[in-house]
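As they're listed, the protein sequences go chains R and C. Quick note: to get my numbering, add 1132 to the position in the first sequence (first position is 1). Quick note: to get my numbering, add 141 to the position in the second sequence (first position is 1). Even glycine gets a Cβ: it sits at the ideal position worked out from N, Cα and C. Structure record follows, encoded as structure tokens.
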Amino acid sequence: MLAHSQSKGFTLVEMMITLSLLLLVSAVVLTCYIGLQRGFAFSLNWSESRVAQQRVLDSFSVDLRNATGVVVGSGATLLTLTLPSRYAAYETTGYAAGDPQFSGTNQLALPLVSSTTGGIVAVGGNLTVVYSLANNTVSRTVTQSSSGLNASRTVGLFGGSVSVQFKDITGAALSGTLGSSTDTIVPIVITSVASDSPTLPSLSGTMSDTVFLRGKSFQ
Amino acid sequence: MNPQPRLSPGGSALLVVLVLITILSLMLGTTLTLVRTNANTLNQAASWQQALAAAEAGVQQAAAQVQTQFIPLLNQSAPPDLSGAQSGTPALSGTLTTSGEGNVSATYAYVITGTKCAVNSSGPSTQTYFRILSTGMAQVAGTKYVGLDPRDAVVRKLSFTSTSATAVRQVEAWLKPVYNSISLPITTASTISMNNHNVTVDSFKSTDPARSVGLLKDANGNITSYGQPSSIAGFFNSKSVNNANGGTLVSNQYLASIGTNGQSIQANGATVFGDVMTNGGVINGAQNVYGNLRTDFSQTLAPAPVPGGTFVSTSSSTLKGGTQSAPARYTVSSVSLSGGKSLVFDFGADKTQNSVELYITGDFTTKGNAQITITKGVQVKIFVGGNIDLGGNGVVNNNGCASSLSIQGITPADGSSRTASISGNSTFFGTIYAPAYDFTFNGVPVYVGSLVAKTVNVMGNVTIHFDEALSGGLISSYKLVGWFENTRKVP
């Protein structure tokens, strides 16, 4: 008589319990994973949106502090700035389009002193810098009529909606030409509201920055 | 019996654990990536802002250096040429330190360059401007890898090396000299007191026929006779609408403002065709003030320095001039004129030698019929180390123009007080800059020019005509007139 084997397999009940537990654990893990991946994606989008907002505000602030003329636009045009040209050449393409050309001899040019006001007057003509907003994208275009320069670059690209407001320190909206008729230094509060996704408006974030425009005689 | 080994369920447990570890690792990795991205973003933006703060700190330090180090040099009688790159103390660099998580230090370094600029509107025709080029540098905290959108690097112009990442920002600022010593008819450090309503302070512009009387020019447009306030012609006050030439005075511009850094002006009914200004103080008897009563006045009154250059001792009663570029410089221990004595400032060998400087180390006094005479066409600067008392016939300035005579009361190094007074009979044309002097008017009929003193006490029926055409004088401060961030990437 053959000896009865002592090994035994899993019973059906054991298998069902094991598989059920495995499925349960897998379902929980998978659910968590998908949720976390979603959360991660949302967080990444949110982070990128805030980074883009910060970049837009920083770009505004640099240009506004250097500007001798500021016009708050309407519609797709956010800002039109007049900047003294102080460089011989500017980048025309790429991420740095509109910035001073990075070459060895392109140094900051000396300005002149006005014989009437005693203030500093830039030489080399003016640049016109236009910030515009279309398709959830903030763009910066630099033109110079004397040289034919026309360079544009994307400053901020948003997955969801974005808006920019310009206000004074009391919260009143600003519009038109700022700081050109008086020598008063004008504070301007820039507020950007942006969301990372059109489907998740609740994740929109607000950022503000305050820039003081120079007075009229402060060239 | 050879029992078969039982299959262990531990194999499937290992599989489950491995799967879980993989999933958890992925979660941890993505979370860390997100955290690092955010940290890099914050570090990059913070360093970029810190670099600007450092650059602007450099501008501030450079501006302070100009105020404290260069103004005294430029206010000397023979100022040095400060064109070109300047050096000195404190060192032209500094460090900003921060604390907290991710703290990095930011450094700045700046260069001050003097430039002589031709300016027509105010001050001397050539003025020394200073250009400040300040570079702020801040390390980006964390690793040198800032793996964000390339647009961020474009905006912030970050510089990467093999060992670190640095945010570098450069600011160019321009400083313009402010000659405020003679910008008002009366400026004091402490108080102004007028004794009655017969005191009048008004203004005119000796080079502008719309705001003066009797201005004459030749065919080439050069002024042959300076204009005067029309009260000298007998009928003027700043409210008049017609001048002697048939033109119209700009009557609604009241520019004869008086101000003090102190807290008290006793107007006492005096007529002032301008603002009356204190530094948060009280104004009494302001019923005849045509301008505004203000409390926001503050003006730096630079000490009047001992004149530079070489002065030659003299005992002559006639002082001959030198050229504008090389004025004739004389020095005496004191001047005390009485009786019929006189001191004459005259041309040198020809009319191009029309500039005279006199350094009186002691007191400066005229009495009785004594007088100081300035030949028409001669420009005079008098530096006084002691007290000033101009009585008798006083100073007869035949130029008829306040810009031709400058009297500076030197600020004592020991802080001691000085006095000055004018009580002469003649009309005084000139400017007096004596910020450490207690000044008294004693019945001088007309004073044309401007006055800076520690205190001013007006005793008598004095009329003060401020000449709006006055320019020059001492530099009291440097004003920021240009600010520009260099947006070119600094190598």
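- Cα atoms of Asn627(C) and Val447(C): separation of roughly 40 Å, rounded to the nearest angstrom.
- Not flagged as an interface residue toward chain C: Gln1276(R), since no C-beta distance is shorter than 8 Å.
- In this structure the region 455-471 of chain C touches the region 482-498 of chain C; the number of beta carbon pairs closer than 8 Å is three or more.
- Annotation for Ala1228(R): Phe1234, Arg1285 place their beta carbon closer than 8 Å to its own, counting only its chain and skipping 5 residues before and after.
- Shown here, Phe580(C) sits in a strand according to DSSP, grouped into three states.
- Listed as beta-bridge partners of Phe625(C) by DSSP are Glu313(C).
- Along the region 305-331 of chain C, going in chain order, the ones with a CB nearer than 7 Å to a CB of chain R are Glu313, Trp315, Lys317.
- For Met168(C), the closest Cβ of chain R is nearer than 8 Å.
- If you look at Ser234(C), you'll find it in the beta strand (DSSP E) that goes 234-237.
- Residue state for Ser1279(R) is assigned as coil, using DSSP reduced to three classes.
- For Tyr251(C), the uninterrupted beta strand (DSSP E) run begins and ends at 247-259, by DSSP.
- Here DSSP, grouped into helix, strand and coil, assigns Arg435(C) to strand.
- Counting of Cβ neighbours within 10 angstroms places Asn425(C) among the exposed residues, the total staying below 16.
- Residues of the same chain with a CB within less than 7 Å of the CB of Ala219(C), apart from the 5 flanking positions on each side, are Gly449, Gly450 in chain order.
- Inter-residue distance for Leu1259(R) and Leu1210(R) is about 17 Å (C-alpha atoms, whole angstroms).
- Residues of the region 1225-1241 of chain R that bring their beta carbon within less than 7 Å of a beta carbon in chain C comprise Tyr1227, Ala1228, Asp1231, Pro1232, Phe1234, Asn1238, Leu1240, in sequence order.
- Apart from the 5 residues on each side of it in sequence, Gly526(C) sits with its Cβ closer than 7 Å to the Cβ of Ile501, Thr502, Gly503, Ile551 in its chain, given in chain order.
- Phe1290(R) sits in coil when the DSSP states are folded into three classes, being neither helix nor strand.
- Annotation: Cβ neighbours of Phe625(C) in chain R (cutoff 7 Å, chain order): Asn1198, Arg1218.
- When the alpha-carbon of Ser475(C) is set against those of Ser454(C), Ser466(C), Pro468(C), the nearest one is in Ser454(C).
- A straight-line Cα-Cα distance of about 35 Å links Leu299(C) and Cys258(C).
- Nearest CB-CB separation between Gly1257(R) and chain C: not below the 8 Å threshold.
- Between Gly623(C) and Ala314(C) a beta carbon distance of about 6 Å is seen, short of the 8 Å cut, so the two are scored as contacting.
- The Cβ of Val1157(R) sits closer than 8 Å to at least one Cβ of chain C.
- For the pair Gly480(C) and Ala511(C), the CB atoms are nearer than the 8 Å cut-off.
- Beta-bridge pairing by DSSP links Lys492(C) to no other residue.
- Listed in chain order, the positions of the region 452-477 of chain C with a beta carbon within less than 7 Å of a beta carbon of chain R would be empty, since no residue qualifies.
- Excluding five sequence positions before and after Ala427(C), the CB atoms of its chain that fall closer than 7 Å to its own CB belong to Ala408, Val417, Leu434, given in chain order.
- Residue-level contact check: Leu1168(R) touches chain C, since one or more beta carbons of chain C fall below 8 Å from its beta carbon.
- Taking a C-beta distance under 8 Å as the contact criterion, Ser458(C) and Ser439(C) do not qualify as a contact pair.
- Each residue's CA atom was taken as its position, placing Thr581(C) and His338(C) some 17 Å apart.
- Thr514(C) sits in a strand when the DSSP states are folded into three classes.
- Not one beta carbon of chain C lies nearer than 8 Å to the beta carbon of Phe1290(R).
- Contacts between Arg435(C) and chain R, judged by CB atoms closer than 8 Å, are missing: the closest CB pair is about 17 Å apart.
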